[in-house]
Amino acid sequence: MKRSEKKNQDKEQRRETIKFYIGVGTFIILIVDKILSWF
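Numbering of the sequence shown is given in the working numbering, commencing with residue 129 and proceeding in unit increments.
Rendered as structure tokens:
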């Protein structure tokens, strides 16, 4: 594997990770919002 290919792969991996964290974060915020609205 060429070095540039490796770098691109790392970038893709990071993008997937960021998407995952944004999704999880949004999910948690929604749940917290629902719980707080009950009180």
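All C-beta atoms in this analysis are idealised placements derived from N, C-alpha and C, irrespective of residue type, glycine included.
Open item on the list: Check for me: the alpha helix (DSSP H) holding K162 runs from which residue to which?
Closed with: Taking the sequence shown and counting its residues from 1, one reaches residue 162 at position 34. Here the alpha helix (DSSP H) through K162 covers 131-166.
Task: Span separating the alpha-carbon of K147 from that of L164 - done: For this step, residue 147 is matched to residue 19 along the sequence shown. For this step, residue 164 is matched to residue 36 along the sequence shown. So the two alpha carbons sit approximately 26 Å from each other.
Task: CA-to-CA distance, D161 to F155, given in whole angstroms - done: The residue you call residue 155 lines up with position 27 of the sequence shown. The residue you call residue 161 lines up with position 33 of the sequence shown. Those two C-alpha atoms are separated by around 10 Å.
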